[in-house]
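Contents: one structure, followed by commentary.
2 protein chains.
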Amino acid sequence: MKYNDNFNALGESYVFSKLNALVKKKRAQGETIIDLGVGDVRLPLFDVATEKMSTTSLDMAREDTFLGYPPAEGIPTLREKISERYKTEGASVDMDEIFISDGAKGEIGNVLELFGPKANALIVTPCYPAYAEANTLYGNNITFLPTSKENEFRPLPPYRGTFDIIYLCVPNNPTGVTLGKDELEEWVNYALNTGAVIIFDGAYSDFSTDGYPTSIYQIQGAKYCAIEIRSFSKSFGFTGIRCGYTVIPKTLGEYNRLWKRRLGCRFNGVSYITQKGAETFFSSEGQKQAIKRIKYYKTNAEILKIALKKAGFWFVNGNSSPYVFAKCPDNLSSEKFCEKLIDDYKIAATPGNAFGEGGEGYFRLSAFPKREDILAASDILENLKF
Amino acid sequence: MKYNDNFNALGESYVFSKLNALVKKKRAQGETIIDLGVGDVRLPLFDVATEKMSTTSLDMAREDTFLGYPPAEGIPTLREKISERYKTEGASVDMDEIFISDGAKGEIGNVLELFGPKANALIVTPCYPAYAEANTLYGNNITFLPTSKENEFRPLPPYRGTFDIIYLCVPNNPTGVTLGKDELEEWVNYALNTGAVIIFDGAYSDFSTDGYPTSIYQIQGAKYCAIEIRSFSKSFGFTGIRCGYTVIPKTLGEYNRLWKRRLGCRFNGVSYITQKGAETFFSSEGQKQAIKRIKYYKTNAEILKIALKKAGFWFVNGNSSPYVFAKCPDNLSSEKFCEKLIDDYKIAATPGNAFGEGGEGYFRLSAFPKREDILAASDILENLKF
């Protein structure tokens, strides 16, 4: 039997599973653990979305409203709404540059088929582990570009080297850092000068509410060098519904045409019910609710930061994501500190080393839990003594 | 910029697009075309499924019933029901060997990541074009094993050669041929003896109602050499909902473990709404409706066959799929005949050469349209003169 040897290089994602096992064990022992280690949302969907999905479901039972295979690229009405939305962000994206997906996680790896095997990928860390894992599985060569406390976790293009693909997550998971227009311009110019394609992960772009660019396409030239991946998961509570979108500009080499060809043999589209639900994000009620929800999560993050500040922690100055990325005290390793946090303080956090180089010695707190849990955790955190 | 060179080998899927363009043109000219060229279902979903999806949607708006990320491998209740169903088919499949997917088309290519690049794939033709296309895109080496009128389109293992992967579609699209127990045993033994893994595409298994095996796992040894891919699309009308499942036995080398690892970095599961809808397939009402629906489509196929017989066509003796695969008259090529069929008789069929080697000189009629269209088409077909 033949195996994909790249699985060996992949190894086990032991950091998360170790933590999950520990939380599970503690809870089984009757302990109450406040889980700030998860990236999943905790608040329910909005009525505007669930009611639309409910009626779309029922419509599928009627001959006159039944629908078979969805278009592989997504339904036109949703793609039009996304295109319109880009206009309000100061970016111009045609609907035939927009492809509806079942979420960002899959697409992060799916796009690799455009570049083919043995591509050279530059991955800015700390970051979502799936970037490196998908590239490893596909057999690409990976170079990491770690950010750190020294540069305030703000990545700049490398001085040396050329790459086929560059992964940038803005606002960043786990650090919460959003890049400014000038910083993104440097990245776009670097990509244009070296022939690289930026994979711009905007899964948290709706959390960027302070005037920073929300799309790479707000930067001149980006439509010649960037793919953008976005999602309804975090701002619209769609983690359990699975919907996102990927932009591949027609001006980006041959990639738009090739992606359509790929869809023809690899994908049959996203459920109508899901897409109709996603459409309500762009309604006035959907926007009202989403904005309120984002504020709720960002306030959660602020509450956590105030507590960490009181206890004397250093944390990254990132205000645009639902995460707080903080330095472990006493030069403790990420895992050591997170174990201690569970054992002694009953709070689960994600060890920073799970996010790759630059993450060791840090931990991530999620602002997605409900307010009561955030407040309970902050009461504990502000009195932390090490 | 770096491109995946395999796109060049892929070429354009011109047969389908050419036909679709022709149908569109004719309709734009005001002509009425009966479309028997599509593999999509035409009858609506069952109430039992849509009502469950509707209530699941509404539940997602309530704090106490909201659900975030689904398990990547699928929800336990659906996997249990599938496992139970296998028992009734005389196969033993544990729920932790079952993985819920968003449909068969994606999975046909996704499984290639288990074997890694440069695998040797044997593809029995005529077949669904996505097998060859996904393998080409991944950079595998493909050997075709064409079946033909001479062997009644019943594939047997090759005498020579070893392969890493073997694609078998049973019941077959486009021919409708189902393999018997003895034939599948030959394939399983061949795979066991040569170290190959069979990718058993059972997308039409629910249409096999004549006592033939419906699962490869009814064959002794298959759990050591076969992956099975099934779908809710055709028998349950789920083409627009997107749900299927993939079985990777724990006894199949390391593949079950590796697939779980792959899901960890490449997939975030299928919508709860979709999975809850799929579950109703296994309810008594769901089964009652599905069986009735399958009978409807199979009767459609029989009506088409009677008409073709009257007109003197030779067609494949396949009774277990919603397709009829027939020989073009006068040794016409597939495309020539299908063009003539549209031009002179206003019926769209799929040219057999779209399904690869062995398909040239044939055409496929779909039994998925509504009865009235099938009857109208059969009136025309039985009087065909060439």
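In the order they appear, the protein sequences are chains A and B.
First residue of the first sequence? That's 67 in this note's numbering, and the numbers climb one at a time after it.
First residue of the second sequence? That's 67 in this note's numbering, and the numbers climb one at a time after it.
Idealized CB from N, CA, C, for every residue including glycine.
Asparagine 366(B) sits away from valine 243(B), with the two beta carbons spaced by 9 Å or more. Put simply, of Ala377(A), Ile339(A), Phe452(A) and Ala373(A) the residue whose alpha carbon is nearest the alpha carbon of tyrosine 135(A) is Ile339(A). The alpha-carbon of glycine 169(B) is positioned some 8 Å away from that of threonine 305(B). At least one CB of chain B lies nearer than 9 Å to the CB of valine 263(A). If you ignore the 5 residues before and after glycine 156(A), its C-beta comes within less than 6 Å of the C-beta of Gln284, all in its own chain and listed in chain order. Taking all protein chains shown into account, tyrosine 233(B) has 16 or more neighbouring C-beta atoms within 10 Å of its C-beta and is therefore buried. Counting only the Cα atoms, asparagine 176(B) lies some 14 Å from glycine 330(A). With its beta carbon at least 9 Å from every one in chain B, proline 388(A) lies outside the interface. In the three-state scheme derived from DSSP, where H, G and I count as helix and E and B as strand, tyrosine 278(A) is classed as coil. The count of Cβ pairs closer than 8 Å, one atom from the region 199 to 215 of chain B and one from the region 316 to 335 of chain B, stays below three, leaving the stretches out of contact. Counting only Cβ-Cβ distances below 7 Å, alanine 196(B) has contacts in chain A at Cys331, in chain order. Secondary structure at proline 388(A): coil, using DSSP grouped into helix, strand and coil.
The beta-carbon separation of aspartate 101(A) and valine 89(A), rounded to 6 Å, stays under the 8 Å limit for a contact. The beta carbon of threonine 202(B) is closer than 6 Å to those of Asn72, Ala75 and Leu76 in its chain, skipping five residues each way along the sequence. Put simply, the backbone Cα of serine 399(A) is about 5 Å away from that of glycine 427(A). With fewer than 16 neighbouring CB atoms inside 10 Å of its own CB, alanine 87(B) falls in the exposed class.
For isoleucine 372(A), the enclosing alpha helix (DSSP H) starts and ends at 350 to 376.
Out of Leu111(B), Lys153(B) and Leu447(B), the CA that lies nearest to the CA of isoleucine 408(B) is found in Leu447(B).
For valine 190(A), the closest Cβ of chain B is not nearer than 9 Å. For threonine 340(A), the residues of chain B that pass the 7 Å Cβ criterion are Ser337, in the order they occur in the chain. Your pair proline 183(B) and tyrosine 204(B) checks out as a contact, with CB atoms roughly 7 Å apart and the cut at 8 Å. Listed along the chain, the chain A residues whose CB falls inside 7 Å of the CB of serine 349(B) amount to none; the nearest CB is some 15 Å away. Counting every other CB atom within 10 Å of its CB across the protein chains shown gives serine 387(A) a total of 16 or more, marking it as buried. Leaving aside the five residues that flank leucine 250(A) on each side, the residues in its chain whose CB is nearer than 7 Å to its CB run, in chain order, Pro279, Ile282 and Ile285.
When DSSP states are grouped into helix, strand and coil, phenylalanine 333(A) belongs to the coil group.
Here glutamate 448(A) carries a coil assignment [DSSP, helix/strand/coil]. Ranked by how close their Cα comes to the Cα of isoleucine 99(A), the residues Gly422(A), Lys406(A) and Gly425(A) have Lys406(A) in first place. Comparing C-alpha distances from valine 313(B) to each of Asp162(B), Leu144(B) and Ile141(B) shows the shortest one belongs to Asp162(B).
The CB of phenylalanine 132(B) comes closer than 7 Å to the CB of Pro110 and Leu111 in chain A, given here in chain order. Annotated three-state conformation of valine 81(A) is helix, per DSSP. Contact check between the region 184 to 196 of chain B and the region 143 to 154 of chain B: fewer than three CB pairs, one atom from each, fall below 8 Å, which does not count as touching. The beta carbons of alanine 200(A) and isoleucine 174(A) sit about 6 Å from each other, so the pair counts as a contact at 8 Å. Any Cβ of chain A closer than 9 Å to the Cβ of serine 274(B) would place that residue at the interface, and such an atom is absent.
Between alanine 377(B) and leucine 431(B) a beta carbon distance of about 12 Å is seen, past the 8 Å cut, so the two are scored as non-contacting. If you draw a 10 Å sphere on the C-beta of glycine 261(A), you find fewer than 16 other C-beta atoms in it, and that means exposed. From the listed residues Arg328(B), Asp230(B), Gln355(B) and Leu441(B), the smallest Cα separation to glutamate 78(A) is found for Arg328(B).
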